[in-house]
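Residue numbering for the sequence shown follows this note's numbering, beginning at 845 and increasing consecutively.
Quick reminder that beta carbons are idealized off the backbone N, C-alpha and C, glycines included.
All remarks here apply to the structure that follows.
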Amino acid sequence: MTGTAPAIELKGISKAFGPVQANKDISIRVMPGTIHGIIGENGAGKSTLMSILYGFYKADKGEIFVNGQKTEIPDSQAAIAAGIGMVFQHFKLVENFTVIENVILGAEDGAMLQPSIAKARKSLKQLAEEYELNVDPDAKIEDLSVGHQQRVEILKALYRQADILILDEPTGVLTPAEADHLFRILDNLRKEGKTIILITHKLREIMDYTDTVSVMRRGEMTATVKTADTNPEELAELMVGRKVLLRVDKKPATPGQVVLSVKDLRVTDSAGVERVKGVSFDIRAGEIYGIAGVAGNGQSELMEVLGGMRPGTGTITMNGEEIDLTGKYSDGQSRRARGIGHVPEDRHDEGLILDYTAWENMVFGYHRDPEWATGPLMKNAAIIKEAEGKMERFDVRPPIPTLKAKNFSGGNQQKIVLAREIEKNPDLLLVGQPTRGVDIGAIEFIHQEIIRLRDEGKAILLVSVELDEIRSLSDRIAVMFDGRLMGERDPNQTDERELGLLMAGISGEPDKPDHIAVEENLTAVEHGEAPKHG
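Right under this line is the structure:
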């Protein structure tokens, strides 16, 4: 590629938000027809840098070159005109619009929509065939899985003739099967000469799929290397500025008495569909009970019942006392009074109020405790001081309790939720997707905190789609499929293949290769259909 101009070149980019220097004199070159990874801790400035390239922010200083030409990008329309598309971590789709309506939104050919729709329909068919971006053009966004919604975002960019595609934490909300499909799409795009900039915190994705990787730390670019010339340990140290333990270091569990007992739990959703079908299990003090499974198989509903967010039927006892499941007394407040802490799967919808400050979010659910309130009045000064301590202990960046939650990166938002729940020292911690969208340094810290709670005799229920996380943290692993538990496994006596089969509802089929049965089951579940094999 000697003599070829970079697809993207940034020179001396700097950007500050008040006292916070998000980017400091950053220069980077991205060559055409490559997948270029950008990694760094949460708050390192990766998303800010890419938002400048896409025209969401204007740099305080610096220059942007696209295909060797200096280019001004004052807004996203200018970025699109320059052939740049961006898929954000939290999708920018209109949920009650169809796929095709979202694709043409803002790119209509005129006041009459039918010609635009006809043109888009033909284009989407070609793109689907060329890049494995199959999705029903007439389906509403709200009816699609997260993986299919992401395909729509990619289709939007390609429909607008993007040759350079930026993806910000694209697998943060995907199942393993969806992530594998995404990277097949990206590989096809690369083969067609497209340039991909991949922002991710997952070192395995960097090592498996990128050609070159740039590392950012605290707003600065620390290194750019060929992926083939580096390794996960070196990248982790460049990201964090110290050696990082890439495996979970824990001693064997010493389980005590039963803390949580669940018997024949059933949950039906608002449409009358049974989502949890007679689930039973116990969790003891001093152990981590991990539940693996493809999203949409009842794990979310299970956690919501245990956390007091929805009613169910069956029997749940906490420290020997039965919990009311009818909904009359089923709320998060009563669960917390029973010693249950809850880190929900979706921090935005269930864990935080984004327009409130960090200190307010750090006391939600506990704000009526005598420690923090006298009658109807909250002790704001004391709460803010306590929040400062939590932010220091959990390394929340920036450590500003008066900053609104929406102004923190995803990983730092997760730390705010974890600090609130863990610092209350619950007897049982429900934790869903604890490291979704979190960088390697924060993952190490979060895992250590979960292990610390276990070693202090607390019971932990862990739900995660990350098999590495489930296997390394759990003392016992259950797999959930189609609302049922497929059985338990000892993490030391199982592997990803066996767990993956169970996640797809496969316990072994003599008449069909496992990988075919798995693919058929995953496809069926992804489309809301009954599994084909079990």
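Simplified DSSP assignment, three categories, for residue 1211:
Position 367 of the sequence shown, counting from 1, holds the residue named residue 1211. Here residue 1211 sits in coil by DSSP.
With 7 angstroms set as the bound, which would you pick, yes or no: does the beta-carbon of residue 1008 sit closer than that to a beta-carbon of chain D?
As a matter of chain content, chain D is missing from the structure shown, which is built from one protein chain.
I need the straight-line Cα distance from residue 1193 to residue 906, nearest angstrom please.
On the sequence shown, position 349 is the one that residue 1193 refers to. On the sequence shown, position 62 is the one that residue 906 refers to. Their Cα atoms are separated by approximately 37 angstroms.
Residue 1025: buried (16+ other C-beta within 10 angstroms of its C-beta) or exposed?
Here residue 1025 refers to the residue found at position 181 of the sequence shown. Answer is buried; the Cβ neighbour count reaches 16.
Would you grab the beta carbon distance between residue 1245 and residue 1235 for me? Rounded to a whole angstrom, and I think it's under 8 angstroms.
Numbered from its first residue, the sequence shown carries residue 1245 at position 401. Numbered from its first residue, the sequence shown carries residue 1235 at position 391. That pair is a contact at about 6 angstroms.
How is residue 1357 classed by DSSP in three states: helix, strand or coil?
Sequence index remark: in the sequence shown, residue 1357 carries index 513 (1-based). Confidence is the limiting factor: at residue 1357 the pLDDT is only 41, short of 50, which leaves the residue's position unreliable, though a coordinate-based value still follows. In this structure, residue 1357 counts as coil in the three-state DSSP scheme.
Beta-carbon contacts of residue 1256 that lie in its chain and below 7 angstroms, excluding the five residues immediately before and after:
In the sequence shown, the residue the question calls residue 1256 occupies position 412. The answer, listed in chain order, is 886, 887, 1240 and 1241.
Residue 856 to residue 894, Cα distance in whole Å?
Position 12 of the sequence shown holds residue 856. Position 50 of the sequence shown holds residue 894. Straight-line Cα distance between these residues: approximately 14 angstroms.
As an exercise, report each continuous alpha helix (DSSP H) stretch of at least 4 residues that is fully enclosed by the segment 1042-1096, in chain order.
1047-1053 and 1076-1084
Answer with buried or exposed for residue 1114, where buried requires no fewer than 16 other C-beta atoms within 10 angstroms of its C-beta.
Translated into positions along the sequence shown, residue 1114 becomes position 270. The residue is exposed, with fewer than 16 neighbouring Cβ atoms inside 10 Å.
What does the alpha-carbon distance come out to for the pair residue 1238 and residue 1260?
Walking along the sequence shown from the start, residue 1238 turns up at place 394. Walking along the sequence shown from the start, residue 1260 turns up at place 416. Cα to Cα, the separation comes out at about 8 angstroms.
On the premise that residue 1043 lies in contact with residue 1012, defined as a C-beta separation below 8 angstroms, what is that separation, rounded to the nearest angstrom?
Your numbering for residue 1012 matches position 168 in the sequence shown. Your numbering for residue 1043 matches position 199 in the sequence shown. With 8 angstroms as the limit, residue 1012 and residue 1043 qualify as a contact, their Cβ atoms being about 5 angstroms apart.
Which runs of the alpha helix (DSSP H), 4 residues or longer, sit entirely within the segment 1278-1365?
1284-1299, 1311-1317 and 1340-1347
Please report the straight-line C-alpha distance between residue 1010 and residue 852, rounded to a whole angstrom.
Position 166 of the sequence shown, counted from the first residue, corresponds to residue 1010. Position 8 of the sequence shown, counted from the first residue, corresponds to residue 852. In a straight line, the C-alpha of residue 1010 is about 11 angstroms away from that of residue 852.
Would residue 947 and residue 1003 qualify as a contact pair, given that the criterion is a beta-carbon distance under 7 angstroms?
In the sequence shown, counting from the first residue as 1, residue 947 sits at position 103. In the sequence shown, counting from the first residue as 1, residue 1003 sits at position 159. Yes, Cβ-Cβ distance for residue 947 and residue 1003 is below 7 angstroms.
Measure the CB-CB distance between residue 1170 and residue 1107 and report whether it falls below 7 angstroms.
As a working mapping, residue 1170 is identified with position 326 in the sequence shown. As a working mapping, residue 1107 is identified with position 263 in the sequence shown. Their beta carbons are not under 7 angstroms apart, which means residue 1170 does not touch residue 1107 by this criterion.
With a CB to CB cut of under 7 angstroms and the five nearest residues on each side skipped, what residues in its chain are close to residue 915?
Here the question's residue 915 lines up with position 71 in the sequence shown. These residues qualify, in order along the chain: 908, 909 and 926.
Residues in its own chain within less than 6 angstroms of residue 1161 by CB, not counting five upstream and five downstream?
As a working note, residue 1161 is residue 317 in the sequence shown. Around residue 1161: 1105.
Can you tell me the Cα-Cα spacing of residue 920 and residue 883, whole angstroms?
Indexing the sequence shown from 1 puts residue 920 at position 76. Indexing the sequence shown from 1 puts residue 883 at position 39. Roughly 23 angstroms between the two C-alpha positions.
Straight-line Cα distance separating residue 1203 from residue 1217
In the sequence shown, the residue the question calls residue 1217 occupies position 373. In the sequence shown, the residue the question calls residue 1203 occupies position 359. So the two alpha carbons sit approximately 14 angstroms from each other.
State the beta-bridge partners of residue 1023 as determined by DSSP.
Against the sequence shown, residue 1023 aligns to sequence position 179. Beta-bridge pairing links residue 1023 to no other residue.
To which residues of the same chain is residue 866 closer than 6 angstroms at the C-beta, ignoring the five residues directly before and after it?
Along the sequence shown, read from residue 1 onward, the residue named residue 866 stands at position 22. 859, 889, 892 and 1063, listed in sequence order.
Same chain, Cβ closer than 6 angstroms to residue 923, neighbours up to 5 away in sequence not counted:
What you label residue 923 is simply residue 79 of the sequence shown in a count that begins at 1. If we look at residue 923 and ignore the five residues flanking it on each side, its Cβ neighbours are 898, 899 and 917.
Per-residue burial, residue 1117 [other beta carbons within 10 Å of its own, 16 or more giving buried]:
What you label residue 1117 is simply residue 273 of the sequence shown in a count that begins at 1. Exposed.
From this set, 880, 996 and 903, which residue's C-alpha is nearest residue 869's C-alpha?
As a first step, residue 869 is located in the sequence shown; it is residue number 25 there, counting from the start. For the residues 880, 996 and 903, the minimum Cα distance to residue 869 belongs to 903.
Limits of the unbroken alpha helix (DSSP H) element including residue 995:
The sequence position of residue 995 within the sequence shown is 151, counting from 1. Its alpha helix (DSSP H) spans residues 990-1003.
Pick out whichever of 1343, 863 and 1297 has its Cα sitting closest to the Cα of residue 1128.
The count along the sequence shown starts at 1 and reaches residue 1128 at position 284. Nearest option by C-alpha distance: 1297.
Same chain, Cβ closer than 7 angstroms to residue 1181, neighbours up to 5 away in sequence not counted:
As a working mapping, residue 1181 is identified with position 337 in the sequence shown. Contacts found: none.
8 angstroms contact criterion, which residue 1295 and residue 1279 should meet: CB distance rounded
On the sequence shown, position 451 is the one that residue 1295 refers to. On the sequence shown, position 435 is the one that residue 1279 refers to. With a Cβ gap of about 13 angstroms, residue 1295 and residue 1279 do not count as contacting.
Looking at the unbroken alpha helix (DSSP H) that takes in residue 946, where does it start and where does it end?
Taking the first residue of the sequence shown as position 1, residue 946 is located at position 102. Residue 946 -> alpha helix (DSSP H) spans 943-948.
Taking 7 angstroms as the cut-off, decide whether the C-beta atoms of residue 1314 and residue 1321 are in contact.
Start at 1 with the first residue of the sequence shown, and residue 1314 comes out as number 470. Start at 1 with the first residue of the sequence shown, and residue 1321 comes out as number 477. Yes, Cβ-Cβ distance for residue 1314 and residue 1321 is below 7 angstroms.
Once the 5 residues before and after residue 1330 are set aside, which same chain residues still bring their CB inside 6 angstroms of it?
Translated into the one-based positions of the sequence shown, residue 1330 becomes position 486. So the list reads 1323 and 1346, once near-sequence residues are dropped.
Cβ shell of residue 864 (< 6 angstroms), same chain only, five flanking positions each side left out:
By one-based count along the sequence shown, residue 864 stands at place 20. Cβ within range, chain order: 1242.
Burial state of residue 861 (16 or more Cβ within 10 Å)
Your numbering for residue 861 matches position 17 in the sequence shown. That one is exposed.
Flag this pair as yes or no: are the beta carbons of residue 1111 and residue 1156 separated by less than 7 angstroms?
What you label residue 1111 is simply residue 267 of the sequence shown in a count that begins at 1. What you label residue 1156 is simply residue 312 of the sequence shown in a count that begins at 1. A contact, by the Cβ cut-off of 7 angstroms.
Would you report the Cα separation of residue 854 and residue 896, rounded to the nearest angstrom?
By one-based count along the sequence shown, residue 854 stands at place 10. By one-based count along the sequence shown, residue 896 stands at place 52. Approximately 10 angstroms, taken between the alpha carbons.
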